[in-house]
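Asks:
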Amino acid sequence: MSDLLALRPPVPVIELSGSAYERGCKHGEVLREQIGDFIGSIMQLHEINLTFATSCDELKSHCMRNYQYLQSYSPDLARELEGIACGSAQSLDAIMLLNSFLELEDLRVAKLGKQLLSAGASTSELIASNVGSDGDKNPFGAHGYPVWGCTSFNVMPRASADGHAFVGQTYDMEDYYAKYNAMFRITHEDGHTELVYSLAGILGLNGMNSSGVGVCINKLVATDARLGISYPALIRNALSKRRVGDAFGAIVFARRACGMNYQIASADGVAWCVEVSAGDYDILSLDDPSRNGVIAHSNHYLSSRMRAYETPGWLSHGGSYVREQVASRYLNEMRGKIDAKSLMTLSKDHTNYPRCICAHGYEGESEFVAFATIAAVIYDLNSKTAWITNGNPCQNDFKMIALKP
Ligand SMILES: [Zn+2]
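In the numbering used here, the protein residues as written are 1372 to 1776.
1. What number of angstroms, rounded off, separates the C-alpha of D1447 from the C-alpha of R1394?
2. Can you give the Cα-Cα distance for M1435 and D1464, rounded to whole angstroms?
3. Can you grab the Cα-Cα spacing for the pair E1429 / M1414, in whole Å?
4. Rounded to the nearest angstrom, what separates P1528 and L1657 at their Cα positions?
5. In the structure shown, what three-state DSSP assignment does Y1692 receive?
6. Tell me the rounded alpha-carbon separation between A1625 and S1489.
7. Can you tell me the Cα-Cα spacing of E1476 and S1426, whole angstroms?
8. Let me know the secondary structure DSSP gives F1742 once reduced to three states.
9. What residue ranges within the stretch 1519-1545 form continuous beta strand (DSSP E) runs of no fewer than 3 residues, ordered along the chain?
10. Compute every distance between the C-beta of C1729 and the non-hydrogen atoms of ligand 1, then say whether any falls below 6 Å.
11. When DSSP builds the beta bridges, which residues end up paired with H1668?
12. Compute every distance between the C-beta of C1521 and the non-hydrogen atoms of ligand 1, then say whether any falls below 6 Å.
13. For I1728, which of D1720, G1735 and E1734 has the nearest alpha-carbon?
14. Give me the Cβ distance between V1584 and V1615, rounded to the nearest whole Å; I'm assuming they're in contact under 8 Å.
15. Once the 5 residues before and after F1739 are set aside, which same chain residues still bring their CB inside 8 Å of it?
16. Roughly how many whole angstroms lie between the Cα atoms of W1685 and F1555?
17. The alpha helix (DSSP H) spanning I1622 covers which residue range?
18. What did DSSP end up calling G1583 once you bin it into helix, strand or coil?
19. Where DSSP assigns a beta bridge to W1685, which residues make up the other side?
20. What does a CB cutoff of less than 6 Å around P1383 pick up in its chain, not counting 5 residues either side in sequence?
21. Distance, Cα to Cα, V1641 vs S1669?
22. Alpha carbon to alpha carbon, what distance is there between K1708 and N1663?
23. For V1586, which option in I1622, I1573, Y1551 and G1572 has the closest C-alpha, if you only look at C-alpha atoms?
24. Is the distance from the Cβ of L1483 to the Cβ of A1609 below 7 Å?
25. Report the option in G1411, L1468, A1460 and I1410 whose CA atom is closest to the CA atom of Y1438.
26. Would the beta-carbon of N1767 be found less than 6 Å away from any heavy atom of ligand 1?
27. May I have the straight-line CA-CA distance separating I1573 from I1749, to the nearest angstrom?
28. Between F1537 and D1768, is the Cβ-Cβ spacing less than 7 Å?
29. For I1406 and A1747, I'd like the C-alpha separation in whole angstroms.
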């Protein structure tokens, strides 16, 4: 492999407890240096990848428009963000900018970006800089859009080797983001605990809880993206629930800002793969005979009804379709024998390299463009154990982290 990376140290695990504000303060204090560096450099990534040239202040204002939705959706998580801002000595709008990192990916699409930035910003001067003369026509050269995409999997107890439920994913972004990998173990006063994979300054990207509920995701670029609740808040609100049905409701019946696929699973064997746009959703049943207890997902809608929300041209390099087929076939072939080790093997797959499940950048690309697996995560919802890599799983070992130490 031409792009061998130095082995990375294990992802740090940070203990959080107390009130929402206290949790945020501790998060901000412990990761102050990383959060400061993240905020200080994120515009370099956005300037390269967003369709419209905007100032950092304009992007922060755009992201802050979502804060009002968060305040009514979860006052606790809004307070936690305020705590992160205080603890890291950063402004709240800068923390909102970080927490909107996947919503901001929608601004890479010319038509969608204009629609989003124009919402509530009547004086906004939008200057198309990274767009070709044909509007959404790919302006990014031989490798196409610098498009990212995770690969996720959801395994019901009856499809695993030991009767455990598994959910997990590769988390695939520009390699730049890997510097900010972190895990949070969040202990509430009543003993409810969440183990959350995230980035410095952000509420959470996926995770599981002590009630055996787990959630992972795939980004989908839906044409109805709008102002609303950003995805890290949906993840954390779902993980605060003791019942899997409540976790489902926290995600599906919220005013979402953007499209996404949510893999929701539980130790008691109830699981869904829920494709959402901002305002709509469809459920892919794991009980469907063609799936029989397993499902893999990547970055295109599988539901024929939801396909109407697919952003035209966005997935033109086809990598998403390859990853979905490779992962689905593997899960089908391994049905009844699936365990954490086999899911680690799946996470390292290089079919269609470098646009593969274990994703790598092209040689010579900067960290702001090189699209790579920044972490691979597997959750066993019955043993309440996670395994995570810091960077590509083909080059970095999975480290085991127990929900409760
Ligand atoms: Zn790899």
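Glycine included, every Cβ here is placed at the ideal spot set by N, Cα and C.
Replies: Working from what's here:
1. 10 Å
2. 6 Å
3. 11 Å
4. 11 Å
5. Helix.
6. 23 Å
7. Near 16 Å, if we compare the C-alpha coordinates of S1426 and E1476.
8. If DSSP states are grouped into helix, strand and coil, F1742 belongs with the strands.
9. 1522-1526 and 1537-1545
10. yes
11. Here H1668 is bridged, per DSSP, to S1523.
12. Flag unset: Cβ of C1521 not near ligand 1.
13. For I1728, the closest of D1720, G1735 and E1734 by C-alpha to C-alpha distance is D1720.
14. 5 Å
15. Q1415, L1416, I1419, N1420, E1545 and Y1547
16. About 33 Å.
17. V1615 to V1623
18. The DSSP-derived three-state label of G1583 is coil.
19. Beta-bridge pairing links W1685 to no other residue.
20. Spatial neighbours of P1383 in its own chain (CB-CB distance under 6 Å, excluding positions within 5 residues in sequence) are listed in chain order as A1553.
21. 21 Å
22. 14 Å
23. For V1586, the closest of I1622, I1573, Y1551 and G1572 by C-alpha to C-alpha distance is I1622.
24. no
25. L1468
26. no
27. 20 Å
28. no
29. 22 Å
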